[in-house]
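Written below as structure tokens is the structure these notes are about.
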DNA sequence: TTTT
DNA sequence: TTTT
């Protein structure tokens with residue numbers, strides 16, 4: 069479909085230490101639970117009320133997974149930009165079930181830490197020098213699948229490397 | 069939780085004519101199915117592939133519901149801004165099930181038609197004068213539950229009266 | 069124009085204590101300078117580089133202005149959602165000049181504090197009952213110019229009374 | 069700064085055919101003027117009013133520039149995602165002047181055509197197979213600085229190629 | 001002028 | 001200068 073946009077922006081706190089799994093060919097996948105909440109004053113009682121919403125975030129990007137692995141802990145406040153995806157699966161009785169997740173994969177996915185936690189631990193990017201639009205803190209823009217060749221015009225763009233921090237859209241990652 | 073954001077932005081097409089229900093006290097609720105899709109060229113086969121994602125959108129806002137009722141038809145292209153909400157329910161066997169929906173309710177919810185359809189049908193807002201940030205087309209910003217008392221602090225905020233919700237725009241505020 | 073969107077989302081730090089002015093009829097206007105920055109590793113030197121961008125934010129909404137006045141100080145980290153506006157003015161030599169600002173006014177404007185500062189200072193909303201979608205912290209959704217007439221179609225939209233602008237949230241709407 | 073976000077989202081119409089320039093080393097830069105507008109009913113007069121805002125968009129990304137060059141014409145409706153940037157320059161009298169633009173460069177930049185125009189002209193991406201999150205229409209996600217080397221781990225990611233559609237952040241492009 |  |  070021409071002209072389609074599917075974007076989720078969350079700022080919230082991580083409910084538990086992230087789980088990192090690996091695909092058979094070794095790529096990491098991180099799962100996060102993020103809480104957002106809104107509060108308001110009840111019109112009748114006048115008392116403050118709060119409602120929390122829990123979101124499941126799945127990170128397919130290698131670079132972002134590294135950030136998650138090294139820095140994201142229970143309680144961390146994150147900025148997340150990803151896309152909605154509803155996954156179909158079967159429960160034990162064989163019935164179709166659907167789960168909607170926020171997927172960080174490929175373009176226009178971002179994960180940025182909004183509190184100081186996890187910082188100062190050296191270069192979280194290991195030997196590579198990923199670009200980062202999020203500043204000095206653990207932040208990572210998943211800009212797809214950047215090759216690492218330095219001979220390309222733009223691979224010379226500092227960061228580069230990064231190479232692989234986005235899994236392929238058409239890969240069949242079991243999850 | 070201080071500092072929380074829960075925002076979904078979609079541009080996609082409506083899969084079927086919307087359903088409008090009513091609550092017991094008469095407020096409308098509209099349900100929409102919206103498709104977004106991405107396409108890419110497969111690295112191996114070289115052929116173009118496309119993946120469509122279907123989203124369930126629930127509109128609680130009366131003004132937005134009117135726009136939906138009058139203008140949104142199967143095939144319409146919409147811009148939607150809302151929030152994620154996961155609703156728990158029980159299936160016929162009593163098992164817990166969860167459905168994630170994009171809710172348009174309260175502030176920061178928007179629905180704008182991006183194609184010409186549905187326009188020109190007179191003032192869809194009837195006698196009311198809702199504001200619209202989306203221009204001349206059927207567009208509606210769901211600004212939630214506006215104070216009904218004229219003594220409320222914010223109703224004093226110029227504009228007031230929905231018709232003028234951009235009221236400041238034509239004021240000559242010196243700054 | 070049908071189907072128009074003009075939205076800016078910033079997360080950044082406030083460069084100086086905000087200035088609050090008042091219009092002749094007493095409405096407050098707050099001005100903020102917000103810095104965002106991106107950093108990356110230089111491709112040649114390998115050293116980390118950083119570029120800071122400064123944004124001028126103008127808050128026309130009374131409720132948001134109160135939040136700014138009471139809580140936002142130099143250094144605060146904010147989430148801002150507003151619209152771009154370019155203002156024309158004349159310099160002392162009479163030449164046309166243009167300034168582009170992020171305006172928080174009307175719907176779909178939000179200001180949320182992302183650090184703990186400013187919290188715990190009692191109810192910043194005083195006697196007023198603004199809604200807040202941002203949780204317990206100083207947060208405010210600028211929903212513009214709410215209808216002051218209780219006969220308006222949208223004031224009938226449940227919630228009403230700003231205090232409860234998420235009113236539907238605690239309603240038990242069957243769907 | 070850790071945890072910074074600078075994002076602009078526009079849906080609007082192009083005011084004039086785009087201008088494409090080239091840097092000394094041959095990379096294209098496209099300039100667009102985009103109009104967004106909001107309309108509302110005046111509270112006093114009851115008549116409909118409209119205000120148009122004009123935005124300057126600068127596209128540094130090669131892939132996006134190609135899309136602009138081939139498909140974007142005066143009147144086209146676009147979805148744009150970029151970042152704010154204020155550029156300092158000197159007028160003829162040597163006075164400092166500032167211009168704020170929406171820059172499409174690097175991560176998290178997107179340009180998608182929302183009307184049918186320009187479509188059907190074959191594969192606008194030439195021999196390359198860029199990834200695209202925007203569907204079958206002329207759409208392009210600027211995911212940073214992708215190298216063109218096919219030996220890179222991720223260049224195998226379908227689309228890839230694309231190579232160079234983002235100029236470097238620290239390049240000194242005169243404009 | 002912020003922040004890391 | 002767009003669009004409705």
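Protein chains in written order, with our numbering: chain A, 69 to 243; chain B, 69 to 243; chain C, 69 to 243; chain D, 69 to 243.
We put the CB at the ideal spot given by N, CA and C, even for glycine.
Exercise for the section: For residue 170(B), return the contacting residues in chain D, with the cut-off set at a CB-CB distance below 8 Å. Expected result: Chain D residues near residue 170(B): none, gap ~17 Å exceeds 8 Å.
Exercise for the section: Give me the Cα-Cα distance between residue 93(D) and residue 114(B), rounded to the nearest whole angstrom. Expected result: Between residue 93(D) and residue 114(B), the C-alpha separation is close to 31 Å.
Handout entry: 6 Å CB neighbourhood of residue 77(C) in its chain, flanking five on each side removed
Key = Apart from the 5 residues on each side of it in sequence, residue 77(C) sits with its Cβ closer than 6 Å to the Cβ of 149 in its chain, given in chain order.
Exercise for the section: Compute the Euclidean distance between the alpha carbons of residue 178(C) and residue 175(D), then round it to the nearest angstrom. Expected result: Straight-line Cα distance between these residues: approximately 24 Å.
Problem - Within 8 Å of chain B by C-beta, residues of the segment 74-88 of chain A in sequence order - result: Flagged, chain order: 74, 75, 76, 77, 78, 79, 80, 81.
Problem - Between the CA atoms of residue 99(A) and residue 87(A) - distance to the nearest angstrom - result: It is roughly 5 Å from the alpha-carbon of residue 87(A) to the alpha-carbon of residue 99(A).
Problem - Candidates 96(B), 71(B), 83(B), 163(B), of which the one nearest residue 128(B) by Cα - result: The alpha carbon of residue 128(B) has as its nearest neighbour, out of 96(B), 71(B), 83(B), 163(B), the alpha carbon of 96(B).
Practice task
Mind listing, in chain order, the continuous beta strand (DSSP E) runs of no fewer than 3 residues lying wholly within the segment 98-144 of chain D?
Solution key: Fully contained in the segment 98-144 of chain D are the following beta strand (DSSP E) runs of length 3 or more, in chain order: 116-127.
Practice task
Within 10 angstroms of the Cβ of residue 161(B), are there 16 or more other Cβ atoms? Answer buried if so, exposed if not.
Solution key: Residue 161(B) comes out exposed.
Exercise for the section: Would you kindly report the start and end of the unbroken beta strand (DSSP E) that includes residue 81(C)? Expected result: It spans 73-82 - the beta strand (DSSP E) in which residue 81(C) sits, taken as one unbroken run.
Exercise for the section: With a threshold of 16 other CB atoms inside 10 Å of the CB of residue 139(A), please say whether the residue is buried or exposed. Expected result: The residue in question, residue 139(A), is buried, as its Cβ has 16 or more Cβ neighbours within 10 Å.
Practice task
Using a cut-off of 8 Å between C-beta atoms, extract the partners of residue 130(A) located in chain B.
Solution key: Ordered by position in chain B, no residue passes the 8 Å Cβ test against residue 130(A), which lies about 17 Å from the chain.
Handout entry: Span separating the alpha-carbon of residue 233(A) from that of residue 181(D)
Key = Reliability of the predicted coordinates at residue 233(A) is poor, the pLDDT of 24 falling under 50, and the value obtained from them is presented with this limitation in mind. Those two C-alpha atoms are separated by around 27 Å.
Handout entry: Residue from 158(B), 143(B), 72(B) with nearest C-alpha to residue 70(A)
Key = Nearest of 158(B), 143(B), 72(B) to residue 70(A), Cα basis: 143(B).
Handout entry: Rounded straight-line distance, which links the Cα of residue 183(A) to that of residue 184(C)
Key = Approximately 10 Å between the Cα atoms of the pair.
Handout entry: Neighbourhood of residue 89(B) by C-beta, 6 Å cutoff - its chain only, sequence neighbours within 5 removed
Key = Annotation for residue 89(B): 97 place their beta carbon closer than 6 Å to its own, counting only its chain and skipping 5 residues before and after.
Exercise for the section: Can you grab the Cα-Cα spacing for the pair residue 167(D) / residue 111(A), in whole Å? Expected result: Using only the alpha carbons, I get a separation of about 46 Å.
Exercise for the section: Let me know the secondary structure DSSP gives residue 173(C) once reduced to three states. Expected result: Reduced to three states, the DSSP call for residue 173(C) is coil.
Handout entry: C-alpha distance - residue 145(C) paired with residue 159(B), whole-angstrom precision
Key = Their backbone Cα atoms lie some 44 Å apart in a straight line.
Exercise for the section: Assign residue 84(D) to buried or exposed, taking buried as 16 or more other Cβ atoms, counted over all protein chains shown, within 10 Å of its Cβ. Expected result: In this structure residue 84(D) is exposed. Its beta-carbon is surrounded by fewer than 16 other beta-carbon atoms within 10 angstroms.
Problem - chain D contact for residue 115(C) (CB, 7 Å cutoff) - result: Not flagged as an interface residue toward chain D: residue 115(C), since no C-beta distance is shorter than 7 Å.
Practice task
Below 8 Å CB to CB, which residues in the same chain sit around residue 104(B) once its five sequence neighbours on both sides are set aside?
Solution key: Within the same chain, 78, 79, 80, 120, 121, 123 come within 8 Å of residue 104(B) by CB-CB distance, once the 5 residues on both sides are set aside.
Practice task
In the DSSP assignment, find the beta strand (DSSP E) that holds residue 95(A) and state where it starts and stops.
Solution key: For residue 95(A), there is no enclosing beta strand (DSSP E), as DSSP gives it neither H nor E.
Practice task
Compare the C-beta of residue 176(D) with all C-beta atoms of chain A and state if any pair is closer than 7 Å.
Solution key: Judged by the 7 Å Cβ criterion, residue 176(D) is in contact with chain A.
Exercise for the section: Quick one: grab the DSSP three-state call for residue 164(A). Expected result: In the structure shown, residue 164(A) sits in a strand (DSSP, three-state: E or B).
Handout entry: residue 151(C), DSSP secondary structure in three states
Key = For residue 151(C), the three-state secondary structure derived from DSSP is strand.
Problem - Coil, strand or helix - residue 182(B) by DSSP - result: DSSP places residue 182(B) in coil when its eight states are reduced to three.
Handout entry: Listed by chain order, chain B residues near residue 122(A) by CB distance under 8 Å
Key = Going along chain B in sequence order, the residues near residue 122(A) (Cβ under 8 Å) are 154.
Exercise for the section: With a 10 Å radius around its C-beta and 16 neighbouring C-beta atoms as the bar for buried, classify residue 163(D) as buried or exposed. Expected result: Answer is exposed; the Cβ neighbour count stays below 16.
Practice task
Would you decide whether residue 156(D) is buried or exposed? Buried here means 16 or more other CB atoms lie within 10 Å of its CB.
Solution key: By the 10 Å Cβ count, residue 156(D) comes out exposed.
Problem - Chain-ordered residues of the segment 136-168 of chain C with a beta carbon less than 9 Å from chain D - result: Of all residues in the segment 136-168 of chain C, the ones placed with a Cβ closer than 9 Å to any Cβ belonging to chain D are 145, 147, 151, 152, 153, 154, 159, 161, 163, 165, 166, 167, 168, in chain order.
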